[in-house]
Every structure is written in structure tokens, then in C-alpha cells.
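Visitor: There's a structure below that I have some questions on.
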Amino acid sequence: MTTRTVFGACPHDCPDTCALQVTVENERVIKVQGRAEHANTHGALCTKVSRYAERTYHAERVLHPLKRVSKKTEAPAFVQVTWAEALADIAARLKAVQDPQCIQPYSYAGTMGLLQGEAMAGRLWNALGAARLDRTICASAGGAGLAATYGHKLGMHTRHFAGAKLIVIWGSNSIASNLHFWTYANQAKRDGAKLICIDPRKTETADKCHQHIAVLPGTDGALALGVMHELIAHGWLDQAYIDAHVDGWDELRAKALAWPPERTAAVCGIAASEVRGLARDYGTTTPAAIRLNYGMQRVRGGGNAVRLVAMLPCLTGAWRHESGGLLLSASGWFAPYKNPALERPDLLAGRTPRMVNMSTIGDALLQADPPIEALVVYNSNPVAVAPESPKVVAGFQREDLFTVVLEHFMTDTADLADYVLPATTQLEHLDVHTSYGHTDVLMNQPAIAPLGEAKPNTQIFRELAAAMGLTDPCFADTDEQLAAQAFTADIDLGTLRTQGWQPLPIPEAPFANGGFRTANGRASAVGADYVPNYESAASAPELAARYPLAMISPPARNFLNSSFVNVKSLRDIEREPLIEMHADDAAARGLTDGARVAAFNDRGRYVATLKVSARARPGVVNGLGVWWRKLGLDGTNVNEVTHQRLTDLGEAPAFYDCLVQVEAA
């Protein structure tokens with residue numbers, strides 16, 4: 003028996019980016035653990051990733067190239083083919099596309115790795131002149147809001163939350179989606195800190211906080227302005243910090259003074275005393291820290307809401323303290339260390355292909371002119387995760403659309419492909435990772451050889467480039483060479499190989515003396531304002547008369563976007579797709595706990611099991627997602643009712659800006 007330990011990194015779309023320790027026995031992975039030596043991981047993994055070996059060895063894993071033999075409107079049927087057959091046919095079909103910008107890549111964060119993400123794929127698309135993809139589906143509204151305010155996606159160190167005396171957890175179910183931050187928050191709580199959770203849903207995190215403020219979806223910006231009103235009225239400001247480090251203060255002050263607690267409470271659906279209390283706690287407690295997360299920016303005004311919340315630590319001077327400030331994303335800290343030439347943009351040779359927004363892929367597949375002729379999907383499952391899925395499905399079902407999907411499993415998207423190519427999991431390939439929740443670069447070493455005929459994304463795109471006759475030497479770069487090219491010389495590959503990670507040299511209190519990444523080094527409030535939802539009683543009263551319930555679709559605790567939905571041990575915990583509803587709303591509709599119900603609007607109809615629960619506030623239902631459509635009760639998921647309208651900043655989807663009615667199914 004031979005046993006060895008391999009160091010890795012979690013690839014998933016999560017701020018924690020954990021350092022992994024993989025135990026291999028007789029060339030089979032028997033255990034995946036968090037590394038205790040890594041400060042941000044401290045030996046703990048979420049339930050999902052601790053079962054990662056179950057995903058790699060899953061009986062339904064795609065291990066051979068598959069070719070479609072059924073129509074796309076029929077039950078999916080595929081036959082196994084060789085790699086040579088698949089690559090030759092795919093290359094021929096792509097070369098037959100006369101206008102290369104009619105070839106559409108579609109990818110996101112199925113892996114956050116720089117190599118298995120876009121390193122080799124980006125080279126191929128640049129060499130072909132394929133369409134660009136605006137990768138907006140998760141965080142671009144918040145990212146644009148941070149960039150407009152701080153100059154980049156920057157924030158405080160996660161570990162310093164442990165020293166805060168007040169922590170406001172805003173739009174985050176941290177216990178489920180940011181486990182290692184929660185460890186620090188819990189430490190602060192034990193040391194006497196007050197924890198406040200702001201979220202439409204009474205999450206598992208809200209259960210553990212001292213206070214839960216259940217705002218209506220899309221009103222976070224209004225609440226931030228209401229807090230500012232009270233900070234101004236009571237003099238809870240650090241005027242010296244504002245004068246030295248903030249632009250647009252007079253404009254913002256005038257806007258905030260129009261939001262007294264009573265107006266704020268009416269818009270947010272809370273009590274005026276909650277506005278006053280939040281402002282008092284925030285304005286009089288030092289150090290105070292805000293953990294903002296991406297749920298609150300998935301509405302029309304999401305970018306501006308982030309801007310307004312991000313101004314709060316500037317107004318009170320919370321940034322003066324290492325345990326004060328705000329964290330939404332830390333990914334901008336890595337920008338100076340990443341090699342912008344890794345994807346070889348020079349291969350475009352001056353061409354400017356069209357840009358397609360991934361959040362409106364449904365409309366793009368049905369309406370783009372010239373039409374999308376070929377679609378290559380990797381690291382994503384758009385048929386399940388993209389908004390307004392009836393249109394997405396209709397687009398993917400076009401018989402004249404040639405679709406290739408790189409996947410581990412037969413997802414909803416793979417079911418509609420012409421070819422499915424078997425990709426490796428994180429345990430089978432090399433990769434390097436940055437993070438958006440901490441400031442360490444990590445390396446993932448392959449623990450085992452690829453199963454079956456699976457290949458890393460990098461290798462698939464290398465071979466596809468060769469099949470298409472592309473001869474630039476960059477397509478021969480190995481994964482080791484790509485890793486060496488991924489960063490500037492400040493990141494030492496040797497350290498990554500031996501230790502597994504390397505921290506960036508970031509100040510402990512990064513904005514204690516200003517130094518934001520804006521052009522003049524000052525935080526900017528210029529233009530920031532509350533933007534109401536597309537769909538609400540206030541902004542669309544006629545629509546709300548027909549569809550009076552707001553629906554949000556936060557992730558089920560044991561899934562991660564659409565990943566892990568097919569891992570039986572995790573799906574058994576979730577049991578079935580649920581819609582949570584407050585008892586008053588259920589009683590008004592004659593609905594009972596456990597009933598099969600339908601949430602519907604003009605876009606579609608989603609069937610799930612009703613959970614009458616105090617986790618839902620009155621007027622809001624929670625459609626826990628994202629289930630694969632084919633595992634739903636009627637072959638749909640919650641995106642049946644979401645829309646493709648975009649946010650104020652960042653052109654992101656407004657998933658949580660959605661009105662429905664609910665009735666017995």
C-alpha cells in the first residue's frame with residue numbers, strides 16, 4: 003500500500019479559496035481536507051468540498067467524448083466516439099463558420115483557476131477572432147460599484163474581522179457560503195462584538211446574529227442612505243477622514259438628508275427604529291466592519307447599492323482601523339501581480355469582435371444578428387443558471403446551432419450539446435488560483451491521473467487549436483509553462499509548489515490614510531444614489547397587482563450555483579426544490595406546508611414544494627436554487643421566472659428583482 007499527500011486548492015466560486023490536503027492511497031483519493039497551516043482555511047472545509055472525491059469518482063461522470071444522435075427537442079441520446087473523431091468534426095464545423103464572431107465561447111467560474119479557466123481557451127478565441135463574452139452573471143454589478151467608489155475591487159483582510167466590535171453581515175449567508183469568514187465573526191462574537199445580519203431571508207447566519215433586519219429585496223441602497231441620514235443628524239462622522247479622502251461628500255450629504263428613518267423604513271419594509279438602531283450601532287462602535295456579499299447586488303440598483311454601502315466606512319473613518327472597513331471582494335489586490343498577456347490578446351491582431359453578455363444569452367441565441375452559429379461551453383451550465391431559462395432552452399434547442407460542452411456530468415446544458423467532451427476535475431490537473439475573499443495566491447497540484455479519457459481544459463483547447471491548423475508556438479505551452487506565465491516575478495512558483503500558497507504584501511489597514519485606487523487616491527461618492535427595482539409595488543404597481551410577491555433565489559446550502567446538485571449525498575440533504583413562504587402569505591392563498599405549488603409570472607411557471615417558514619418575510623418568497631432543471635419537479639428551476647434585464651452598473655443580471663404569484667400546482 004502506498005499513501006501520499008498532495009497539496010491543492012479549491013476551484014469553486016467561493017470567497018474562501020481553501021488550501022487543500024488530498025490523501026491518495028494506491029492512486030485513489032481517499033480524503034480531501036483543509037490545510038491547517040493555511041491561515042484562511044485553518045483546517046476546515048465546507049460539506050461540499052470535503053466530499054469532493056465523491057464528485058470525481060461519481061458513477062455518472064462523463065469519461066469519454068460523446069456525440070449527439072437525437073434531435074435537440076427529443077430526449078437526449080449520445081454515442082461514444084474517439085477524441086480524434088470528435089476533434090476533427092468540431093474543428094471542421096468551427097472552420098466552416100464564415101464570420102468568426104459567430105463562434106461564441108460561454109464560460110464562467112466552474113473553476114476559478116487561471117489555467118483551466120481562460121489561459122489556453124482565451125488564446126484560441128483570440129486567434130480565431132471569436133466573439134467576446136461579457137462575464138457578468140454573478141458579481142459584475144458589485145464589482146463596478148466597488149471600482150467606481152474605491153478604484154478597484156478591494157477590501158479589508160478577512161482575519162481582522164475577529165477584532166471588530168460590530169460586524170454587519172449584509173446580503174450574505176456566511177455560514178453556508180463564506181465559512182471561514184464566519185469563524186472570525188464568531189470569534190469576535192465570543193469576545194463581545196455585536197453581529198447584525200441584513201437580508202430579506204432569515205438565513206442560518208441570521209439565526210446566529212444578535213439582530214436580523216429583513217429588508218425588502220433591492221432596498222439596500224435606501225437603507226444605506228437612511229443610516230447616513232442618522233450619522234449626519236447625530237454627528238457620528240469622521241469629518242477629518244471625509245475631508246482628506248472622500249470626493250462628492252456634499253452631493254451625498256444632500257441625498258442622505260432626504261432619507262429620514264420613516265421614509266427609509268417605508269421603502270425597506272422595516273421599522274424606523276431598526277434604521278435608527280443600525281445607524282447608532284454603526285456610528286458609535288469602533289472598530290466596525292461590514293461583510294458585504296453579492297446577493298444584494300442582484301437587482302436593478304445593485305451597483306449603486308454597493309456604492310452607497312461602501313461609503314459608510316469612509317464616513318465614519320472605520321478604515322482607520324485594521325478591524326474596520328468593508329469587504330465585498332479582494333480580487334483587485336491581485337491585479338498588479340497577474341500577467342495580462344496570459345491569454346495572448348495580441349493574437350486578435352487588431353480585430354474587435356462583438357461582445358455578448360452572458361446574462362442575456364437567451365435573447366442572444368434567438369435574436370443576435372448575425373446569428374450565433376457555434377457555441378462552446380466550459381466551466382458553466384447556462385441552461386440551468388442563466389436568467390429567463392425558457393428563452394435559454396429555446397436557443398439551445400436550435401437545430402442549426404452547433405454546441406460543444408466540456409463537462410464532468412450530463413448537466414442540463416450538456417443534454418443539449420452536439421458534442422460533450424470529458425473534462426478533468428480539480429483532483430486531476432494543475433492550476434493556480436487567486437481569491438476574492440483573501441489575498442493569497444494558491445497552486446493546485448494534480449493528485450491522480452485523469453480518469454477514463456478525461457482531459458484538462460488546457461489540453462482540450464490545445465488539441466482543438468491543432469485540429470484547426472493553428473501553429474503559433476503559444477498553443478504548445480504546457481500547463482507548467484502556463485503557470486510560470488500567469489504572474490509577475492513577484493509570485494514565486496517554487497514557493498507555490500512547496501508551500502501551496504504565497505500571500506500578497508497588503509497593508510494591514512489598507513486605507514487608514516486613504517490611498518484608494520482611484521485616479522486621485524480618494525474614495526468617490528459622485529453620482530451614487532438609490533435606484534429602485536424594475537419589479538416592485540412602488541415601481542411597477544400594475545405588475546405588482548397581478549404578481550404581488552417578490553421572489554429571491556438564494557443558493558441552497560449544500561449546492562454551489564449548479565455544482566454538486568447531482569452529488570447524491572448532498573442532494574439527499576436538500577431533498578427537493580423548495581419555495582419558502584411566510585405563514586401569513588400562505589394562509590392568504592390557502593396553501594399548506596408540504597404542498598406542491600407553482601410560482602409564476604408572464605415569463606414562466608416554476609413548480610416546487612412549499613415550506614411555510616419564518617425564514618421568509620411577509621411579501622417575499624425564497625426559491626432556493628439552483629437545481630438542475632431535469633431534477634426539478636416538472637423539469638424546470640427557479641430561473642423559469644427570472645428576467646434578462648440588467649443592473650444599473652456592470653450590466654449584470656437582476657435575479658432577485660422578480661415579482662411572482664404563488665398558487666397550488
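Using the working numbering, the first residue of the sequence shown is number 3, and each one after it goes up by one. Think of the CB as a built atom: it goes at the ideal place given N, C-alpha and C, for glycine as much as any other residue. None of the values given here were measured: they were computed from a predicted structure.
1) How long is the line joining the alpha carbons of GLU482 and ILE32, rounded to whole angstroms?
2) Over what stretch of residues does the beta strand (DSSP E) that includes PHE602 continue unbroken?
3) Rank GLU465, VAL379, THR151 by C-alpha distance to the C-alpha of ALA111 and give the top, closest one.
4) Going residue by residue through the region 574–630, where are the continuous alpha helix (DSSP H) segments of at least 4 residues, counting only ones entirely within it?
5) Please state the DSSP three-state secondary structure of ASN359.
6) With which residues is TYR380 paired in a DSSP beta bridge?
7) Assuming VAL614 contacts ALA585 (C-beta within less than 8 Å), just tell me the rounded distance between them.
8) Starting from ARG309, trace the alpha helix (DSSP H) both ways and give me its first and last residue.
9) How far does the beta strand (DSSP E) with ALA337 in it extend, from its first residue to its last?
10) From the DSSP output, in three-state form, read off THR5 for me.
11) For GLU409, I'd like the list of residues in its chain whose CB is within less than 7 Å of its CB, leaving aside the five on either flank, ordered along the chain.
12) Identify the continuous beta strand (DSSP E) that holds TRP172 and give its terminal residues.
13) If you run the structure through DSSP and keep just helix, strand and coil, what is ILE244?
14) Please report the Cβ distance between ALA88 and LYS69, rounded to the nearest whole angstrom; I am assuming they are in contact, meaning their Cβ atoms lie under 8 Å.
15) Is the beta carbon of VAL528 closer than 8 Å to that of ASP2?
16) How many angstroms separate the CA atom of ALA1 from the CA atom of ASP492?
17) May I ask which residues mark the beginning and end of the beta strand (DSSP E) holding MET445?
18) Considering VAL83, what are the terminal residues of the alpha helix (DSSP H) in which it resides?
19) From TRP321 to ALA558, what distance separates their C-alpha atoms?
20) Using the C-alpha atoms, what's the distance from ALA370 back to HIS247?
21) What are the boundary residues of the beta strand (DSSP E) that TRP503 is part of?
22) Do you know offhand how far GLY596's Cα is from THR205's?
23) Using the C-alpha atoms, what's the distance from TYR532 back to LEU259?
24) Given ALA467, which residues of its chain have a CB within under 6 Å of its CB, disregarding the five upstream and five downstream residues?
25) Mapping DSSP to helix, strand and coil, what is SER526?
26) Would you call SER275 buried or exposed, if buried means 16 or more other Cβ atoms sit within 10 Å of its Cβ?
27) Along the chain, which unbroken stretches of the alpha helix (DSSP H) at least 4 residues long are found entirely within the region 189–245?
28) Look up PHE684 in the DSSP assignment and give the residues it is bridged to.
29) Can you look up THR21 in the DSSP assignment and give me helix, strand or coil?
Guide: Taking the definition as stated:
1) For GLU482 and ILE32, the distance between alpha carbons rounds to 26 Å.
2) Its beta strand (DSSP E) spans residues 598–602.
3) Ranking GLU465, VAL379, THR151 by Cα distance to ALA111 puts VAL379 first.
4) Entirely contained in the region 574–630, the alpha helix (DSSP H) runs reaching 4 residues are, in chain order, 585–590.
5) Residue state, collapsed to three classes: strand.
6) Paired residues: SER109, LEU408.
7) The Cβ separation is near 5 Å, so the contact holds.
8) According to the DSSP assignment, ARG309 belongs to the alpha helix (DSSP H) that extends over 304–318.
9) Annotation: ALA337 is outside any beta strand (DSSP E) and is labelled neither H nor E by DSSP.
10) Strand at THR5.
11) Closer than 7 Å at the Cβ level, and outside the excluded window around GLU409, lie VAL64, ALA416, VAL422, ALA425.
12) Here the beta strand (DSSP E) through TRP172 covers 168–172.
13) Here ILE244 sits in helix by DSSP.
14) Taking a contact as a CB-CB distance under 8 Å, the pair ALA88 and LYS69 counts as one, their CB atoms being some 7 Å apart.
15) Coverage of the chain is limited to positions 3 through 667, which leaves residue 2 absent and any answer about it impossible.
16) This structure gives no information on residue 1, because the portion of the chain shown stretches from 3 to 667.
17) If you look at MET445, you'll find it in the beta strand (DSSP E) that goes 442–446.
18) Here VAL83 belongs to no alpha helix (DSSP H), and DSSP marks it neither H nor E.
19) Distance between the alpha carbons of TRP321 and ALA558: 33 Å.
20) Spanning the two alpha carbons is a distance of roughly 45 Å.
21) TRP503: member of the beta strand (DSSP E) spanning 503–505, first to last residue.
22) Straight-line Cα distance between these residues: approximately 20 Å.
23) When rounded, the distance between both Cα atoms is 13 Å.
24) Sequence-distant Cβ neighbours of ALA467 in its own chain, meaning closer than 6 Å and more than five residues away, are LEU126, PHE477.
25) Note: SER526 maps to strand in three-state DSSP.
26) Exposed, by the Cβ-count rule.
27) You should have 206–210, 222–236.
28) For residue 684 there is no data in the structure shown, the boundaries of the chain being 3 and 667.
29) Reading off the sequence, residue 21 comes out as Ala, not Thr. ALA21: strand per DSSP, three-state reduction.
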